[in-house]
Structure formats: structure tokens, C-alpha cells
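Enquirer:
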Amino acid sequence: MPEPSTPVESCDVLVAGGGPAGIAAACTAAASGAAVILVDDNSAPGGQIWRSRRKHPQKGLAGDWLAKFSAVTVRRLFGHRVVAAPQPRLLLVEGPDGAVFIRCGKLILATGARELFLPFPGWTLPNVVGAGAIQALTKSGLDVRGKRVILAGSGPLLPAVAAHLKHAGADVAFIAEQASAAKLLRFGFGLLGRSGKLRQAFTLWRRIRPWRITPGSWPVCVEKSESGLKVVIQSGVARHTLYADYLACGFGLVPNNELAILVGCAVGSGGFVQVNHENAASVDWVYAVGELTGIGGVEKGVVEGQIAGSAATKQAVDRVLLRQRAAAVKFAAALADTFALRAEVRNLADAQTVICRCEDVRLAALSGLQDARELKLQTRCGMGPCQARICGPILQLLGLPGQPSVRPPIQPCRLKTLAAQIKE
Amino acid sequence: MSISSGRVIVVGAGIVGAACAWYLMRDGHQVTIVDRAGVGCGATAAGMGHIVVMDDSPAQMALTRYSRQLWNDMAPQLPASAEFVPSGTLWIADDAEEMAAAEKKAALYKSCDVDAVVLSPAELYAREANLRPGLAGALLVPADSVIYSPCAAAWLVNDVCSQGGILIKNAEVKAVRDDCVELRDGRVLQTDISVIASGTSLAELLPQFPVRARKGHLVITDRAPAFVRHQLVELGYLKSAHATEADSVAFNVQPRATGQLLIGSSRQYQMQSAQVDHGILQAMLNRAFYFMPSLKELGAVRAWAGFRAASPDHLPILGPVAGMAGVYVAGGHEGLGITTSLAGGRLIADMLAGRTSAIDPAPYLPARFAAGSGRERWHHG
């Protein structure tokens, strides 16, 4: 009594991920006349970064690409997630109506990145959230009007989220940037050569100026108090105690590389997929674009998406794009260097700090285990529903063994999806 | 040939090596455990952790019954992390023919002093409401249990180390000689006795033993507390387990202490890669859905594959290695390694002490695979 057999869809190019990079890849590949399918977990195009502007008419880069995407012939499977790769060039996908197999000539991975969570005493308390998460929550209805928010972390996401929260009516009380003032200054000078980036930074700066970012500062611990969250901030040699309704942390991004690893792509340090100048990965039918190859923002994603979209359909790759890509990759390296987490920030956890939220594993339980497999088996760290998506990067941050193994399903799915059989 | 308080090296820190080390430590030996990875990282981690009496042969019955007793005696000492749960086994009868087999099995178990109760369909559904309607009944074996084997192995090894034993991790053994064990990194460990419990890699050190790797798959679900209460196995499992060449699957579901379910089982030979094979995974899950259709909607968290170390006659190989003074083997436990590990360790310790064992060790002795015995070959078909 096997499950009814599952249909197979075929395409020349399958794009996994509907953010800026995936949209650019799908549009470019479709322009060649190739049959293109785009799969994304979200309900609409745009990914994390272009999510907000759905209700309002789009402007700028987002508007251009979303308009282009709505006009091309691409089969769109939103609300679908890739769960397994049973054979080369064959992916198993779960959607609202059940399982679908997709057979493809080429696969372009544009699976983006997720927030890196930093463990410090109190980081698992309610109202201690990711910076990206609080932005997404306000977009989907969380009312932050009049709420005091402390932002902490590192990188360009902080001012962007601060601006967003201000716009939503929140009181952004403090922005703690762990990178030093010297590093920020050096990065600022580097931007002078990139007028677009500088203009963006200037606009953000004007909007958040009243709160000033404090470089060289970070949260040491947080606890619940009668007047909300009590947050201790280290700033240089001084420590301040601040009170807030929310502590939103954004210490960086880690690539969603599970599908890349599952199909056999080589990944380098930081978990980024290794690609050549045309974004081809180490597996000959796979390309990787956007944050998956290095955190560089929307522009890098759009450029890489176009390059891979062309290369995957045997179109000549525009030389201008290749030059833009080289600059974007350089910018990504500068970002990584400027906002690299300092040792003090990486080592805030104490013995009782939770490392694995799913299985409630604390740092003390992990001491003395030097082998990644043994650590997981003996403590259950990484065995929960998130399958080490959150604690895997944390273990690396702490210098603990924890290279997580990637096994299907790469995202939780129903058992019947995993049991799906191809209709011949 | 009794040896007391000698130096012993146990090669392999899986559940079998851990059990050997534990009983040898209790006899006063100075025990060193060597593993190429860490504790319980091989088949011990890949398998289900079902402690079960099985009746393939009188020898298997004797060994599993004895070993289950040793586990039940040890249970009060085990840490909570070992997740020992006396869930019992329900052998599910799909039809009247299998129900007749259940009755026969019950009679055999009772004749061996193993508690076993035949359940009518109504009694079965009262215990396991999520099974599909129309089943013929079941056999309940109440004293079987489930365990989280990696932590059980770690507890045994830690106990050995707390008594002065030594654990050497990440050390691959290159060769075993009468008086020493040579490591790949050049170290030579002098010893009086060595016990080879290296699981599927036994043949690398002792090629005379016909142990083969038999691949198996498992899937673990989201938490679904009380969805299943007993270890559930179809009676047809025996047919699957007996097929020595063909790939096979069987319905085998286990409730974990976490509220999750482990779903098995599959058997494949000739497989090198531990990657998940979707074809057999689909067959295995569809077999599970046949007995328990409501499983379909549960969430799958991950699937994995591992290898069992199988001997041709489905019995472990326990005892001295011919022609190698002081070298013993404990291997070939196949899918019953968790169950039979304790009895195997105890028998090895008895042999070294010159003690009479609680059960006859003869059926498990390595001598049965001596050249020319005909036992060393795998029968095909």
C-alpha cells in the first residue's frame, strides 16, 4: 500500500531561493528561453530583504527586479521547500499540496543566509530577539510603538534595523556595535570609492542620527526585571546598565548551505560555498549566488544571480557584470574583516548559558568533548528540530567541535513527503 | 588458563567494547580502551537501542535472554541520559498465519521461561490505538526495553576510567599481535590480553572472520508523545532479518524517552556509502505506513544510515582467536549488539577468569569459523 506516486516536473534551470539573487538568476535564465522553475519557502518573491515592500509600490533596485520577475515566464513554486536530493539533478520538494519532484539540468542555489545568534547569559529570554527577526515581526504586525529597544551586534544590519524600528514608532535607546571606531573609520574610507554605498550609508545615518551608534560596545548579560529587560552593556572599559522592552541582536549572518552540502558542493571557511568567477560550484550542474558565497548584500546577489543565470543557460556573461562581481566580492571581504567578532564577544557565555535551545544543552555539558560526533551523541546538542541550524554556528564561534552533518530532510517535512515515489 | 589482574587492551569503544571493558575491569584487570573515533560513535549510535529476546536459534535465545537479564539488573544504576525505558516489545501479526506464528512463539518463549502474552486485536488496540484496523493480534514481551546506547556506552567507559582504566580516542589500530597492539601513529601498546571489538572493521584486523557490513536506515520524528507506547515490530521482521542477500525492509517503530519516534528498519548488503538511499527509505516508510497510516502526517526531523557487523550464522563471535595467544574477539553482533553486548562481555570475562559461565559459550566460539569448517562462507540465496 505505497503512497500514491508523486509527479515529476522538469526544467532546464531550477532556482532555489526567491530573494534578490534568485530573482535575478531566474529572470536572466528565462530570458534565454530556458524552462525555469523557482522554489521558495516564502509566500511571495523578495526573500528576507525585499519582503517589506510588497504592499507598497516598489522603488529602486527592488522595484525594477520585482517588476521584471512578474513579467518573465518562470514557474513559481512559493510556499515550497526543498527537503532532499534523491539523485543528481533531482530534488524532492514539499509544498502545501504535498510532495513534488523536480528534475533539472542546472541548479542555481540562492538560499541566502540566516542570523547568527551569539550566546551570552540571558540570550534565550523572551523579548531577546534577532535584529532581523524584530524587523520581520514588525512587518508582520508586531506593534513596537513607544517600546524601548536596545540594538546590539555588528554590521550594516544594525543601522538598517534601527531606521526601520524608528519608522515603526519604536524608541531605539542604544545601538551597540562591537567593532571598534578605528575599524569603522577604515571601512568608511573604503566606501568613498563606492558612491552608491556611501549614499545609502548617508541616508541611513541621517535617519538614525539622534541615537548614535556606539562602537566598541556589546551586551554582557541580560536578565528579567520589573522594569523590563535589564541589559548590561560593555563599552570600552565601562559597564552600563540599561532597561528596555526588547534587546535585538544582530551579530552577523551565516549561509544557508544545507542544500549545497547535500548535493555535494565544496564549502570553505565560514560555510560559504566555493565558486569560480561565473559562480559555478564544485559540482558541475550547480551554481551558488548571493549570501551563500559571502555576505555582501543585495547588489552582490543581483550581480551574481545574473552571472549564474547566463552561465547556466550558456549565454555569454556580460563583462560589466564580471567587473561588478569582482568589486562586490572585495566589498564582502571588507565587510567580513570590519565586522569580524572580537574574542571578548565570542566568549560571553558562562557555564550555565544555553547553547542548544532545542535540547536545552548548556555550555558546562559540552566541556571535555573534543569530537563533533561524540559531542552531539553524548549531549544531544544539535539533535532537535532545528538540526543545529542555530547551535552549529555557535559551536564554531566558541571554538568547539561541531561541524554538523547534513542529512535529509534538510528542513523538517512530513514523513509522507520523505516516502514519496516517482511516478514513472 | 586463568589470568588474573593482567593488562588488557580493548579495541573499540562501542557498546560491545565498553561492555567487555566493564566486566574485565570488575575482574581486576588493568583495562585500556582504544577507539579510532570516540565512545559509541559507530553502529552503537546508528542503531535503535532495542533490548529484545530473540528466538532465531536456541543459542540466540540463550544469549539474548541472559543479556536482557543483565541489562534489567543494571538498569537502576544507569544514568538518566541512558534513557532506559521498559517499554516491552509488541510483535504485530498482520494475518491469521502470522497470528499462528505468534502463538508458537509464545509457547517457545514460555518454555524458555520468558514472559510472553498473546493479545487479541481488541487488547492490541487498547495498547496501541494508532495501528491500522484489521490486524490479527500481537505477542507482547513485557520485559524487553529500549535504551539510548551512546550514553549507556559512555557510562560503562566512564565507570572503567573511574576505576583506573584508560581511554585512548582517535587512535586507529594498525595491527594486533600476541603481546601488543600497534597504533597507526606508531605507538605500540604492550599487553597481556587484547579483545578486538571493532565492529564492522573487524576484518581489517582479523580477516579470518567473515563479518560483513549490513546497512540499515532509520528516521526520527518530531516529538509526538504517547503516539506509540511499546517497541513495535512486525512478525514478518523475521523473514526480513533472515534474508541474507536480498535488500529488505520491515515495520519497526520505537518510542523514545524524548517523545520522538524512531522508524526502521532496512537491511542491505554490498553498500559502501553511509549516505541515505532514497529507494530503500521510501520502501521502509511505506511499510511503516501500511501498519500505522497516521504516521504519514508526522514530521520527519532526520534520516540516517549505518552499518551492522553481521556474521553468517546471525550469532556473535566471542572468544579466543586460534593461533594468537592472548587475543580474543567480540564481534559480529549484527542487529542485536545493544542487547547482547553485556552477555558477550561477561562471557569473555568468564573465559579469562577460567570461570563457568551462566550459559554455554560453545555456540559463540570463534573456532566455528576455522578454515575448512564450511561455516566461514556466506550461503547465498
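Those sequence lines, one after another, are chains A and B. Quick note on the numbering used here: the first sequence kicks off at 1 and runs consecutively. Quick note on the numbering used here: the second sequence kicks off at 1 and runs consecutively. Ideal Cβ positions, reconstructed from N, Cα and C, are used throughout, including at glycine. Quick caveat: nothing in here was measured; it's all calculated off a predicted structure.
(1) Which residues, in chain order, does the segment 343–356 of chain B contribute to contact with chain A at a C-beta distance below 9 Å?
(2) Under a three-way DSSP split, which group does Thr-6(A) fall into?
(3) Going by C-alpha distance, which of Asp-313(B), Ala-102(B), Trp-22(B), Ala-153(B) is nearest Gly-235(B)?
(4) Would the segment 292–301 of chain A count as touching the segment 4–13 of chain A if we require 3 or more Cβ pairs under 8 Å?
(5) If you measure from the beta carbon of Val-16(B) to each beta carbon in chain A, is any gap under 8 Å?
(6) Which residues, in order along the segment 199–227 of chain B, keep a beta-carbon less than 9 Å from a beta-carbon of chain A?
(7) Quick one: what's got a C-beta closer than 7 Å to Gly-190(A)'s C-beta in the same chain, skipping five residues either side?
(8) Could you tell me the distance, in whole angstroms, from the CA atom of Gly-155(B) to the CA atom of Gly-47(A)?
(9) Pull the bridge partners of Arg-177(B) from the DSSP assignment, please.
(10) Under 8 Å between C-beta atoms, does Leu-91(A) make it to chain B?
(11) Alpha carbon to alpha carbon, how far is Lys-166(A) from Lys-139(A)?
(12) Apart from the five residues just before and just after Val-267(A), which ones in its own chain have a Cβ nearer than 7 Å to its Cβ?
(13) For Ala-303(B), which residues in chain A fall below 8 Å Cβ to Cβ?
(14) Tell me the residue span of the alpha helix (DSSP H) that contains Asp-73(B).
(15) Check the Cβ of Ala-93(B) against every Cβ in chain A and list those closer than 7 Å, keeping chain order.
(16) Out of Ala-288(B), Leu-189(B), Ser-145(B), which one is the CA nearest neighbour of Trp-71(B)?
(17) With a CB to CB cut of under 6 Å and the five nearest residues on each side skipped, what residues in its chain are close to Ala-310(B)?
(18) Let me see if you follow: with CB-CB separation under 8 Å, is Asn-252(B) close to chain A or not?
(19) Mind listing the chain B neighbours of Arg-373(A)? Cutoff is C-beta to C-beta under 8 Å, in chain order.
(20) Reducing DSSP to helix, strand and coil, say where Pro-255(B) ends up.
(21) What residue does the beta strand (DSSP E) around Leu-92(A) start on, and which one ends it?
(22) Let me check you understand the geometry: is the CB of Cys-386(A) closer than 7 Å to at least one non-hydrogen atom of the ligand GDP?
(23) Please state whether DSSP places Ser-273(B) in a helix, a strand or coil.
(24) Using a Cβ-Cβ distance cut-off of 8 Å, determine whether Lys-174(B) contacts chain A.
(25) Would you check if there are 3 or more beta carbon pairs closer than 8 Å linking the segment 77–88 of chain B to the segment 336–346 of chain B?
(26) Measure from the C-beta of Ala-154(B) to each C-beta in chain A and report whether the shortest distance is under 8 Å.
(27) Quick check on the DSSP output: what are the complete beta strand (DSSP E) runs of length 3 or more inside the segment 268–346 of chain A, in order along the chain?
(28) Within the segment 203–256 of chain A, note down every full beta strand (DSSP E) run reaching 3 residues or more, in order along the chain.
(29) By the three-class DSSP mapping on this structure, what secondary structure does Glu-258(A) have?
(30) Mind the definition here: the segment 349–360 of chain B touches the segment 48–56 of chain B only if three or more C-beta pairs lie below 8 Å; say whether that holds.
(31) Check Trp-91(B) in the structure and name its three-state DSSP category.
(32) How close, in whole Å, do the beta carbons of Ala-328(A) and Lys-300(A) come, if the pair is a contact with beta carbons under 8 Å?
(33) Just to confirm my understanding: we take Pro-150(B), look at its own chain, exclude 5 residues before and 5 after, and list those with CB closer than 8 Å. What are they?
(34) Would you tell me roughly how many angstroms separate the C-alpha atoms of Leu-125(A) and Leu-151(A), rounded to the nearest one?
(35) Quick one: is Gln-282(B) near chain A, going by C-beta distance under 8 Å?
(36) Could you list the residues in the segment 347–380 of chain A with a C-beta less than 7 Å from some C-beta on chain B, going in chain order?
Expert: If we stick to the structure as given:
(1) Along the segment 343–356 of chain B, there is no position whose C-beta sits under 9 Å from a C-beta of chain A.
(2) For the purposes of this step, residue 6(A) is taken as residue 6 along the first sequence, with counting starting at 1. Assigned with DSSP and collapsed to three states, Thr-6(A) falls in strand.
(3) Here residue 235(B) refers to the residue found at position 235 when the second sequence is read from its first residue. It is worth fixing the name first, because residue 235(B) is Leu in this sequence and not Gly. If we check each option's Cα against that of Leu-235(B), Ala-102(B) comes out closest.
(4) No, because fewer than three Cβ pairs between the segment 292–301 of chain A and the segment 4–13 of chain A fall closer than 8 Å, the two stretches do not touch.
(5) Within the second sequence, the letter at position 16 stands for residue 16(B). No, because no Cβ of chain A sits closer than 8 Å to the Cβ of Val-16(B).
(6) Within the segment 199–227 of chain B, the qualifying residues are Val-219, Ile-220, Thr-221, Asp-222, Arg-223.
(7) Looking up residue 190(A) in the first sequence gives position 190. Sequence-distant Cβ neighbours of Gly-190(A) in its own chain, meaning closer than 7 Å and more than five residues away, are Ala-334.
(8) Your numbering for residue 155(B) matches position 155 in the second sequence. Your numbering for residue 47(A) matches position 47 in the first sequence. According to the sequence shown, residue 155(B) is Trp rather than Gly. A straight-line Cα-Cα distance of about 47 Å links Trp-155(B) and Gly-47(A).
(9) To locate residue 177(B), count along the second sequence from 1; it is residue 177. Bridge pairing for Arg-177(B): absent [DSSP].
(10) Working through the first sequence from its first residue, we reach residue 91(A) at position 91. Not an interface residue.
(11) Here residue 166(A) corresponds to residue number 166 of the first sequence, with the count starting at 1. Here residue 139(A) corresponds to residue number 139 of the first sequence, with the count starting at 1. The alpha-carbon atoms of Lys-166(A) and Lys-139(A) are separated by roughly 13 Å.
(12) Counting from one through the first sequence, the residue named residue 267(A) turns up at place 267. Cβ neighbours of Val-267(A) beyond the five flanking positions: Asn-257, Ala-260, Ile-261, Val-273, Gln-274.
(13) Within the second sequence, residue 303(B) is the residue found at index 303, counting from 1. Arg-407, Pro-408, Pro-409, Leu-418, listed in chain order.
(14) The residue given as residue 73(B) occupies position 73 in the second sequence. According to the DSSP assignment, Asp-73(B) belongs to the alpha helix (DSSP H) that extends over 58–74.
(15) For the purposes of this step, residue 93(B) is taken as the residue at position 93 of the second sequence. Close to Ala-93(B), with beta-carbon spacing below 7 Å, lies no residue of chain A; the smallest spacing is near 17 Å.
(16) Indexing the second sequence from 1 puts residue 71(B) at position 71. Closest by alpha carbon: Ser-145(B).
(17) Numbered from 1 along the second sequence, position 310 holds the residue referred to as residue 310(B). Closer than 6 Å at Cβ, skipping near neighbours: Arg-212, Arg-214, Glu-334.
(18) Indexing the second sequence from 1 puts residue 252(B) at position 252. Judged by the 8 Å Cβ criterion, Asn-252(B) is not in contact with chain A.
(19) Your numbering for residue 373(A) matches position 373 in the first sequence. Proximity of chain B to Arg-373(A) at the Cβ level (cut-off 8 Å) is accounted for by Ala-37, Gly-38, Cys-41, Ala-45, in chain order.
(20) Numbered from 1 along the second sequence, position 255 holds the residue referred to as residue 255(B). Note: Pro-255(B) maps to strand in three-state DSSP.
(21) Here the question's residue 92(A) lines up with position 92 in the first sequence. Leu-92(A) -> beta strand (DSSP E) spans 90–95.
(22) With respect to the ligand GDP, the structure shown offers nothing to examine, as it has no ligands at all.
(23) Against the second sequence, residue 273(B) aligns to sequence position 273. Looking at Ser-273(B) - three-state DSSP - the assignment turns out to be coil, as it is neither helix nor strand.
(24) If you number the second sequence from 1, residue 174(B) lands on position 174. It does not; no Cβ of chain A falls within 8 Å.
(25) At 8 Å Cβ cutoff, the stretches do not touch.
(26) To locate residue 154(B), count along the second sequence from 1; it is residue 154. For Ala-154(B), the nearest beta carbon of chain A is closer than 8 Å to its own beta carbon.
(27) Within the segment 268–346 of chain A, the beta strand (DSSP E) runs of at least 3 residues that lie entirely inside it are, in chain order, 286–288.
(28) If one requires a minimum length of 3 residues, the beta strand (DSSP E) runs lying completely within the segment 203–256 of chain A are 213–215, 217–225, 228–235, 238–244, 246–250, 253–255, in chain order.
(29) Counted from its first residue, the first sequence places residue 258(A) at position 258. Three-state result, Glu-258(A): helix.
(30) No, they do not touch.
(31) Locating residue 91(B) in the second sequence gives position 91, counting from the first residue. Trp-91(B) falls in the strand class under three-state DSSP.
(32) For this step, residue 328(A) is matched to residue 328 along the first sequence. For this step, residue 300(A) is matched to residue 300 along the first sequence. Between Lys-300(A) and Ala-328(A) the Cβ distance is about 4 Å, and since that is below 8 Å, they are a contact.
(33) The residue labelled residue 150(B) in the question sits at position 150 within the second sequence. Excluding its 5 nearest sequence neighbours in each direction, Pro-150(B) has C-beta neighbours in its own chain below 8 Å: Val-39, Gly-40, Cys-41, Thr-44, Ala-45, listed in chain order.
(34) Counting from one through the first sequence, the residue named residue 125(A) turns up at place 125. Counting from one through the first sequence, the residue named residue 151(A) turns up at place 151. Per the coordinates, the alpha-carbon of Leu-125(A) lies some 15 Å from the alpha-carbon of Leu-151(A).
(35) Taking the first residue of the second sequence as position 1, residue 282(B) is located at position 282. In terms of beta-carbon proximity, Gln-282(B) lines the interface with chain A, with at least one pair separated by less than 8 Å.
(36) Those residues of the segment 347–380 of chain A that come within reach of chain B (Cβ to Cβ, closer than 7 Å) are Asp-371, Arg-373, Glu-374, Leu-377, Gln-378.
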